[in-house]
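**Student:** Structure provided below as structure tokens; questions to follow.
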Amino acid sequence: MISVKDVSYTYMTSTPFEKLALKNISFDVTDGEVLAIAGHTGSGKSTLIQIVAGLIDLQSGSVVIDDLPVADKKIRRLVGIVFQYPEHQLFEETVESDIAFGPKNFGLSDAEISARVEEAMRQVGLPAELKKVSPFELSGGQRRRVAIAGILALKPKYLILDEPTAGLDPLAKENLLKEIFGAIKKSGVTIILVSHNMEDIARFANRVVVLAQGKILFVGTPRELFSQNEILNRAGLEPPAVTQILRKLNITENALTIDEAEKIILKHCPRK
Ligand SMILES: Nc1ncnc2c1ncn2[C@@H]1O[C@H](COP(=O)(O)OP(=O)(O)OP(=O)(O)O)[C@@H](O)[C@H]1O
Ligand SMILES: [Mg+2]
Numbered sequence: 619m620i621s622v623k624d625v626s627y628t629y630m631t632s633t634p635f636e637k638l639a640l641k642n643i644s645f646d647v648t649d650g651e652v653l654a655i656a657g658h659t660g661s662g663k664s665t666l667i668q669i670v671a672g673l674i675d676l677q678s679g680s681v682v683i684d685d686l687p688v689a690d691k692k693i694r695r696l697v698g699i700v701f702q703y704p705e706h707q708l709f710e711e712t713v714e715s716d717i718a719f720g721p722k723n724f725g726l727s728d729a730e731i732s733a734r735v736e737e738a739m740r741q742v743g744l745p746a747e748l749k750k751v752s753p754f755e756l757s758g759g760q761r762r763r764v765a766i767a768g769i770l771a772l773k774p775k776y777l778i779l780d781e782p783t784a785g786l787d788p789l790a791k792e793n794l795l796k797e798i799f800g801a802i803k804k805s806g807v808t809i810i811l812v813s814h815n816m817e818d819i820a821r822f823a824n825r826v827v828v829l830a831q832g833k834i835l836f837v838g839t840p841r842e843l844f845s846q847n848e849i850l851n852r853a854g855l856e857p858p859a860v861t862q863i864l865r866k867l868n869i870t871e872n873a874l875t876i877d878e879a880e881k882i883i884l885k886h887c888p889r890k
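For what it's worth, the working numbering labels the leading residue of the sequence shown as 619, then goes sequentially.
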């Protein structure tokens with residue numbers, strides 16, 4: 619479990635550019651769940667996950683991961699983080715060596731490393747033939763997968779994804795989400811997903827933390843969130859299209875998927 623308590627963070631303290639990025643943030647992440655962190659641009663999402671991953675030092679409050687304080691170096695093995703646009707950090711000559719880079723630093727045997735590379739490629743839906751190809755010859759969506767595979771190969775217990783589909787076309791985005799969430803969830807990894815896409819949150823998250831201007835506005839299930847228009851408005855977030863259609867039809871029930879919305883609509887307006 620990850621436990622975040624009363625975390626506040628200010629950039630460039632005591633300068634004219636001082637910026638309070640997080641204020642009194644507290645929430646827990648339970649093992650096995652997909653917890654989404656949602657919020658408008660600048661709401662503090664990336665700052666928060668970098669603190670949780672131990673990449674930005676705490677200024678106040680605490681983060682505890684499986685009973686270890688986040689400052690303990692051992693948490694580096696527990697938490698994997700995929701940054702926004704992670705493909706910008708690819709640099710090795712082949713897909714295989716890029717994915718193997720992290721596990722090599724862990725001092726694993728060659729056999730273990732190659733098993734991990736193969737498994738990670740499967741998890742992100744990359745065909746094994748691409749192993750020897752240069753990542754720079756791949757499409758944007760495939761490069762993104764290589765970058766994510768590099769983190770999965772570390773076998774983190776907690777995986778943090780910062781806007782994993784930002785900038786991808788709709789088809790690449792859809793495939794990436796379906797494949798990685800299908801495969802990763804089966805492996806029992808706990809996921810923190812940063813996203814401002816409510817459709818993705820509806821489909822993949824068990825719970826969601828909504829940030830606005832560095833503060834928590836809401837913690838609960840996506841279904842609870844979508845019934846609270848005022849919170850969505852204050853956070854500058856759009857409810858999913860299925861919810862918007864139900865509202866237009868004056869139906870107060872909530873749907874998370876198109877199939878669910880269809881059932882609800884047919885109940886209220888049966889086919890003639
Ligand atoms: N290195 C930095 N120095 C100064 N201010 C920063 C720095 N990084 C972020 N900030 C400020 O802190 C606030 C929170 O930024 P953060 O990047 O955490 O937001 P975000 O929710 O991830 O936004 P986005 O959706 O655009 O990625 C913003 O006002 C931002 O301008
Ligand atoms: Mg960000």
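C-beta atoms are modelled at their ideal positions from N, C-alpha and C, and glycine is treated no differently. Here the structure is a predicted model, which means the values were calculated and not measured.
Just to confirm the assignment, what range does the beta strand (DSSP E) spanning Ala771 have?
**Tutor:** Careful: Ala771 lies outside any beta strand (DSSP E) and carries neither H nor E.
**Student:** So what does Pro687 bridge to, in DSSP terms?
**Tutor:** Val682
**Student:** Need the endpoints of the alpha helix (DSSP H) that Ser752 sits in, please.
**Tutor:** No alpha helix (DSSP H) contains Ser752, which DSSP labels as neither H nor E.
**Student:** So if I measure from each beta-carbon to every heavy atom of ligand 1 and keep distances below 5 angstroms, which residues remain?
**Tutor:** Tyr629, Lys637, Ala639, Thr659, Gly660, Ser661, Gly662, Lys663, Ser664 and Thr665
**Student:** Can you tell me where the alpha helix (DSSP H) with Phe844 in it begins and where it stops?
**Tutor:** Pro840 to Phe844
**Student:** Can you look up Asp728 in the DSSP assignment and give me helix, strand or coil?
**Tutor:** helix
**Student:** If Val892 sits next to Leu748, beta carbons under 8 angstroms apart, how far is it from one beta carbon to the other, in whole angstroms?
**Tutor:** Any question about residue 892 goes unanswered here, given that the chain covers just 619 to 890.
**Student:** Using only CA atoms, which one of Lys750, Gly768 and Gln702 lies nearest to Phe891?
**Tutor:** Within the shown structure, residues of the chain are numbered from 619 to 890, placing residue 891 beyond reach of any answer.
**Student:** Less than 8 angstroms between the CB of Gln707 and some heavy atom of ligand 2, yes or no?
**Tutor:** no
**Student:** Do Ala843 and Ile849 have their CB atoms nearer than 9 angstroms?
**Tutor:** Note that residue 843 is Leu in the sequence shown here, rather than Ala. Closer than 9 angstroms, so yes.
**Student:** What's the call for Lys727, buried or exposed, on a 16-neighbour Cβ count within 10 Å?
**Tutor:** As written in the sequence, residue 727 is Ser, which differs from the Lys given in the question. Exposed.
**Student:** Decide if Gly698 is buried, meaning its Cβ has at least 16 other Cβ atoms within 10 Å, or exposed.
**Tutor:** buried
**Student:** Based on Cα-Cα distance, which residue from Gly806, Ala853, Lys804 and Pro858 lies nearest to Asp818?
**Tutor:** For Asp818, the closest C-alpha among the options Gly806, Ala853, Lys804 and Pro858 is that of Pro858.
**Student:** Comparing alpha-carbon positions, which option in Leu666, Tyr629, Glu651 and Phe635 lies nearest Ala830?
**Tutor:** Leu666
**Student:** Does the stretch 632 to 640 come within contact of the stretch 819 to 828, defined as at least 3 CB pairs closer than 8 angstroms?
**Tutor:** no
**Student:** Tell me whether Ala823 sits in a helix, a strand or coil according to DSSP, three-state version.
**Tutor:** coil
**Student:** Could you check whether the stretch 725 to 744 touches the stretch 667 to 677, counting it as contact only if at least three pairs of C-beta atoms, one from each stretch, sit closer than 8 angstroms?
**Tutor:** no
**Student:** Determine the DSSP secondary structure at Gly743, reduced to helix, strand or coil.
**Tutor:** coil
**Student:** With burial defined as no fewer than 16 other Cβ atoms inside 10 Å of the residue's Cβ, what is the status of Gln707: buried or exposed?
**Tutor:** exposed
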